[in-house]
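Q: Take this structure, written in structure tokens, and hold onto it; I'll ask about it next.
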Amino acid sequence: MSLHRRLASVAVLLAVVGGLSACGDQASEPPEGAARLRENVPTTVDGVVLVAANVWDDSIVLTADDGEGAAEDAGIAVGERATLKGRTYELVSVHEDTSSSAPGGSGSYAWVLPVE
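Each number in our numbering corresponds to the 1-based position in the sequence shown with 1067 added.
Here it is as structure tokens:
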């Protein structure tokens, strides 16, 4: 392999690695009090069961169930808020896992902040 071809291969490899690292989570930490919700996994936050579904393009469908009456849900995008079961939640960030996985094996998650 010629030197020119090797250098071109290295440049392509570095571009791919750099591009992949840019697709990861933001370097900033989620705000204090934010809850990490793995896609389709019920998570109890302050006595309310939250589920993040349809994690897609910086948005989710957030479902809240406090055990009283029907669960409530709302579609929200990053930076938006939804009031469910009398409590307000802000979608802080989304990590969409686009790798192939078995049903229930998604690595997608969202950070949701309960707002006072």
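Note that CB positions come from ideal geometry on N, CA and C, so glycine has one too.
Taking just the CA atoms, how far does Trp-1123 sit from Leu-1117?
A: In a straight line, the C-alpha of Leu-1117 is about 17 Å away from that of Trp-1123.
Q: Inspect the CB distances between the stretch 1142-1154 and the stretch 1094-1108 and report whether three or more fall short of 8 Å.
A: As far as the Cβ criterion goes, the stretch 1142-1154 does not touch the stretch 1094-1108, which means the pair count is below three.
Q: Heavy atom of the ligand SAH less than 7 Å from the Cβ of Ala-1137, yes or no?
A: Among the components of this structure there are no ligands whatsoever, and the ligand SAH is therefore not found.
Q: Among the residues of its own chain, which have a CB less than 6 Å from the CB of Asp-1133, if the five just before and after it don't count?
A: Closer than 6 Å at Cβ, skipping near neighbours: Val-1115, Lys-1152.
Q: In the DSSP assignment, what residue or residues form a beta bridge with Asp-1132?
A: In the DSSP output, where bridge partners are listed per residue, Asp-1132 has Val-1116.
Q: Quick one: residues in its chain with C-beta nearer than 6 Å to the C-beta of Arg-1105, no 5 flanking neighbours on either side, listed in chain order?
A: Counting only Cβ-Cβ distances below 6 Å, and skipping sequence neighbours, we find Tyr-1176.
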